[in-house]
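Numbering (full-length UniProt numbering), first residue to last: 1 to 167. Glycine is no exception: its CB is placed at the ideal position from the N, C-alpha and C atoms. Since the model is a prediction, treat every value here as computed from it, not as a measurement. This report refers to the structure that appears directly beneath it.
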Amino acid sequence: MRDRQVSRSARRAREFEAFAAGAAGRLLHAATLLTAEAPHANPRARRLLTLALAHTYARWDRLHGEDPYDCARQYLATRFARATWHRYAAFGHARPDPRSPLAALTAQERLILVLRLYEGVAEEQAAALLGLPRERVHTICDRATATLLHPARPTGPRTAGRKVVPS
């Protein structure tokens, strides 16, 4: 009996290690996009990844055919949403890195854009995960995409196209 438990625990650990080795890079990239940190300096994204993997490991035996990547991604997204939208954790008070391609977006826009475009989550699934109407997810995703494709021009005096005539 004891040998079976040890064998089962070792198999569980190997299975999870294989999953984590394959999924951690993509999950970290998604978390980095969510937090809008620089890829080489992303402590909040790494913390999100660690929490998502720990949650998935804790549920590993109860997944029963569910996709572990989906479980980890859902936890990552909901943890990020709770932390930023409700300001209960340190994630919400940090400013995005201005070098991040998603820095111009709000946390909610980043979350929906990452789920929809980077992760390929269907609009209905993203809406259910976030507790929002499908139409709202669609609108936010469209607005975020437009913001990225057509960034606002910086305000200030226009100097482009003017010739400076020496006196």
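Residue i versus residue j - alpha carbon distance
i: Thr106; j: Ala10; result: 43 Å
i: Thr147; j: Ala72; result: 28 Å
i: Ala30; j: Arg2; result: 40 Å
i: Arg59; j: Ala152; result: 44 Å
i: Val78; j: Tyr69; result: Before going on, a small fix: residue 78 reads as Thr here, not Val. Distance between the alpha carbons of Thr78 and Tyr69: 14 Å.
i: Ala13; j: Leu48; result: 21 Å
i: Asp61; j: Glu37; result: 33 Å
Beta carbon of residue i nearer than 9 Å to that of residue j
i: Asp97; j: Ala104; result: no
i: Ala24; j: Leu53; result: yes
i: Thr32; j: Asn42; result: yes
Reduced DSSP category for residue i - H, G, I as helix; E, B as strand; rest coil
i: Ala21; result: helix
i: Ala152; result: coil
i: Ala54; result: helix
i: Ala122; result: coil
i: Ala10; result: helix
i: Ala104; result: coil
Neighbour-count burial assignment, residue i, 16 or more Cβ in a 10 Å radius
i: His150; result: exposed
i: Val6; result: exposed
i: Arg110; result: buried
i: Leu130; result: buried
Boundaries (first-last residue) of the alpha helix (DSSP H) holding residue i
i: Glu109; result: 107-113
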